[in-house]
Every structure is written in C-alpha cells, then in structure tokens.
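Numbering (the UniProt record's numbering), first residue to last: 1 to 64.
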C-alpha cells in the first residue's frame, strides 16, 4: 500500500507573483543588443543553445 501525503490547499491569491511586466515593451534585433558588463549572470554557449531550443519548442517564458 502506498502512503499518500496530503496536499496543502492554496488559493491563487497566495501563490508567489513575479516582477511586474512593463507596459511598454520595445522589440530590438538581437544583433543590436550589447552585453552589460556589470551583469554577473553569464551562460555558456552550450546553455544558450539549450535555452534557444527550449524556447523554440515550448514558447517564450514571458507571456505577453
């Protein structure tokens, strides 16, 4: 027999909310983007290719 753990009941208002989406979004060609040297987040080329494939397969992580 399998032990079942009860799940907590959570309302939608209690779920974590991400940062607000800006009202004006400017689309820019990726070739015109410049890296921010103060940005500590970096990804290897392998990680970038993995993300690119995932975005193409699953869609954008940001819903407009």
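Glycine residues also receive a C-beta, built at the ideal position from the N, C-alpha and C atoms.
- Put simply, the backbone Cα of residue 50 is about 29 angstroms away from that of residue 23.
- Assigned with DSSP and collapsed to three states, residue 54 falls in helix.
- A straight line joining the alpha-carbon of residue 34 with that of residue 40 spans about 14 angstroms.
- The three-state reading of DSSP puts residue 42 in coil, since its state is none of H, G, I, E or B.
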